[in-house]
Structure formats: C-alpha cells, structure tokens
Amino acid sequence: MTVSDPSTTAAGATAASPATIAARTVPADRREPRAWKKWAGRVPGPLVGLVVIFVLLSILSPYFLTSRNLLNIVTQISAVGIMSVGALMVIIIGGIDLSVGATLALSSMVMGYLFSYSGMPFELALVLGLAVGALIGLLNGILVTVGRLQPFIATLATMSAATGLAVFITGGNTVNGFPEWFVSLTRLSIAGIPVQGLILLAVFLLAAFWLRLRPGGRALYAIGGNEEVARLSGIPVRRTKLVVYTLAGLLAALGGLLVTSRLDSAQPTAGAADLLNVIAVVVIGGASLAGGTGSLLGTFVGLLIIGVLNNGLSLLGVSPNLQPVVLGAVIVAAVLTDRQARKAQSGER
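Given below as structure tokens:
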C-alpha cells in the first residue's frame, strides 16, 4: 500500500504555501491595509481641506492668487495665529481659555490709556500692556489650580471682567495717536514678508521647540493625557498649568498690540469675534478638547484654512451673515476628514 505524497494534490499540483493559506484564512477586515490607504493615512486631514479650499478659490476668484492678496491674508491671520498658540497649549493640558479676545482688548486699552491719558512713555506703557495680559493668564491659572474651578467657568469669569474693564477705562472711547514707529511696525516688510508675519512665524517656531524638544513642553501632553499619572511621575502639574495659562494671556496681549499697530487705534471691542476663530483654528488643526493631543503644525494648517476661507468668501461677495455658516461646515468637514485619515493609518475600515 502506497501513501500519497502530501506535497502534491490529487491533480498533481503543488500544495499551497503556508503564506498563501494564511492569506486565505485571514478575514478581509483584518488584512494589511492597501498601499493607498497607508499613504492617505500619512496626510493630515486639515491639509487636504486646505488644498481643496485653496484650489477652489483660485478658480472662482481671479484676485485670490495674487501676491498682494496672499500678503493680506498673512496680515489678517497674524493676531489670531499668535493667540492660537496659547490656546493650543491650554487645550493640550485639558483646559480651555475663553478670555483670549477680552485679554486682547483690555491689554490694548491699558496701553493706550497709560500713554494717552496718563502721559506715560509709550515704551513703558507697551510693556505694562503685555504685563496685563500675562496677569490675566496667571489669574486664570490660579482660579483653575488653586481655586479648583473648571477652566470653562474660570476663563468665562475673567472674560466677562476683562470685557467690562476694557470699556470702563475710557468710557467706551477708542484711543488713537500712537507713535509713528509703532504704527509703521505692521506696515514694514522684510524680504517681502510683513513683519507681523515674521513675528507669527517666530512664535510658532519657539512654541514648537518647547513642546517637542524640552521636558517642560512634553509635560503638557502628559498632563492632558492623565493628570494624576503625570503628578505621580514627578511632573509639577500646578506650576506647569500656571505657566501655560500665563503664556496664553501674554500671547493674547501680543496679538492685541499687533492689532492696535495695524489700526492705529486701541478699541474696547477689539477681539470680540476672535474667540471662535481661535478655537476653530485649534480644533481644525486636530487638537482634542479632551486634552493630550495637538501640534503646532496642525494648528498652523488650521490657521491657514480660517484665513484663506474668510478672505476667499469676502472676495466672492458672500454675505458676512452667511460666512459663519460656511465656517461651521468647514470645521465639521475638516474634523471628519482627519478622523478618516487616522482610521486609514491604523488600518481600520
């Protein structure tokens, strides 16, 4: 009696290899994702949205893709971008700062009041204006860490107080007549790039260096991921939160100085519409309001999306009343696109 060779089948063909058998038995939803899915997973969702918006506006408006308009976009997004850096750091640690717009207005009004009404040297008034922003941020941090208030409640309270003080200081009047060097600061360009654009870039690069390469910056992600674990690991949670909120206030004040320079006017209602833009920039950039995630690169892309979109809608003559509707739709689309990209990267279906 002969025993058939297991390496051959009844038809004489060779048996399937182990790799082939494994491929046939693995369920379809557990197989290795296709190459294009892997590639798509490496492309941030917000970046895809930015490219689509940029291409569409270039086709729809002949004035969009011009050097003058592109430089105008840089000018328009500088203040919001600087505030977004501080807002991102606050969101990474699991908090939120609703007072950025009010801080911008109050710091500008304090600077203008000290210079125009009190006769203080402008340079000193400018420094004190920045200090007011930092103090508001520090107060937010104290309310959150020492007072144990929810960040939403704490910053909502300071937003209300700062808004009222900004109007009270001059009775609701604007302050004009700043020094020429200060006003011309936002009109100058270096190598064709507006100075405020260079300031924006410098703020992003410094923040990125701190978040990615310094232990203090990396600690923000640990705190946002699990505050108790971070504390047990030896991270000074309370001090780090105070620093983050103070920096957020200081950056809001810096944004206020750029707005004041560009308009040659300190206005008590300045920054009122910036809060939603700042939060939208950070969320579109991929940061989670739950904390622990977020990047400066994603935030920068989100900033460009907001800036390009607002500029393009104005060029197309879209009513200002409808622009927030379009912005809301873009926020939802960008978040959903980013979610799909992350699923593709992880091999999920």
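The sequence shown runs 95 to 443 under our numbering.
Just so you know, even glycine gets a beta-carbon here, dropped at the ideal spot from N, CA and C.
Since the model is a prediction, treat every value here as computed from it, not as a measurement.
Check your understanding: So, using beta-carbon positions, are V395 and L144 closer together than 8 angstroms?
Key -> yes
Review point. Which whole runs of the alpha helix (DSSP H) in the region 288-336 are 4 residues long or more, in chain order?
Key: 289-307, 309-319, 321-326
Point to revise | Cutoff 8 angstroms; reference L382; Cβ partners in own chain excluding five residues on either side | key: For clarity, residue 382 is Ser in the given sequence; the question names Leu instead. Closer than 8 angstroms at the Cβ level, and outside the excluded window around S382, lie I185, G388.
Check your understanding: DSSP state of I284, grouped into three classes?
Key -> strand
Check your understanding: Does DSSP put S359 in a helix, in a strand, or in coil?
Key -> strand
Practice item. Find out if the Cβ-Cβ distance for the pair M288, L165 is shorter than 8 angstroms. Key: Residue 288 is actually Pro in this sequence, not Met. Yes; because the gap between Cβ atoms is below 8 angstroms, this pair is in contact.
Point to revise | D191 versus E274 - alpha carbon distance | key: 33 angstroms
Exercise for review: State whether the region 140-158 contacts the region 331-350, with contact taken as three or more CB pairs (one from each stretch) at a distance under 8 angstroms.
Suggested key: no
Exercise for review: Tell me, to the nearest whole angstrom, how far the beta carbon of S234 is from that of T249; I am working on the premise that it is less than 8 angstroms.
Suggested key: According to the sequence displayed, residue 234 carries Asn and not Ser. 5 angstroms between Cβ atoms; contact.
Point to revise | Stretch-stretch touch, CB-based, cutoff 8 angstroms, three pairs: the region 324-344 with the region 307-315 | key: yes
**Study point:** C-beta contact flag for A346 and G227 at 8 angstroms
**Key:** yes
Review point. From this set, N405, S210, A423, which residue's C-alpha is nearest R162's C-alpha?
Key: N405
Exercise for review: Measure the C-alpha to C-alpha separation of I171 and V375 and round it to an integer number of angstroms.
Suggested key: 10 angstroms
Check your understanding: For V269, does the three-state DSSP call read helix, strand or coil?
Key -> strand
Check your understanding: By how many angstroms is the C-alpha of K335 removed from the C-alpha of F272?
Key -> 35 angstroms
Check your understanding: For I115, which three-state DSSP category applies?
Key -> Since pLDDT at I115 reaches only 49, below the 50 mark, its modelled position is unreliable, and the value read off the structure follows with that caveat. Three-state result, I115: helix.
Check your understanding: If you count every other CB in all the chains shown that lies within 10 Å of the CB of G286, and 16 or more means buried, which is it?
Key -> exposed
Practice item. May I have the straight-line CA-CA distance separating A113 from G392, to the nearest angstrom? Key: Unreliable placement is indicated for A113, whose pLDDT of 48 sits below 50; the coordinate value is still reported in the next sentence. Approximately 40 angstroms between the Cα atoms of the pair.
Review point. Is L397 close to chain D, meaning its C-beta is less than 8 angstroms from at least one C-beta of that chain?
Key: Checking the listed chains, one finds no chain D in this structure; it contains a single protein chain.
Point to revise | DSSP three-state assignment for I519, whether helix, strand or coil | key: Only positions 95 to 443 of the chain appear in the structure, and residue 519 is not among them; the question remains open.
**Study point:** Integer-rounded CB distance, given that V424 should sit under 8 angstroms from L403
**Key:** 6 angstroms
**Study point:** Member of A225, L421, T160, I399 whose CA lies at the smallest distance from the CA of P140
**Key:** I399
**Study point:** Alpha-carbon to alpha-carbon, L232 and T252
**Key:** 11 angstroms
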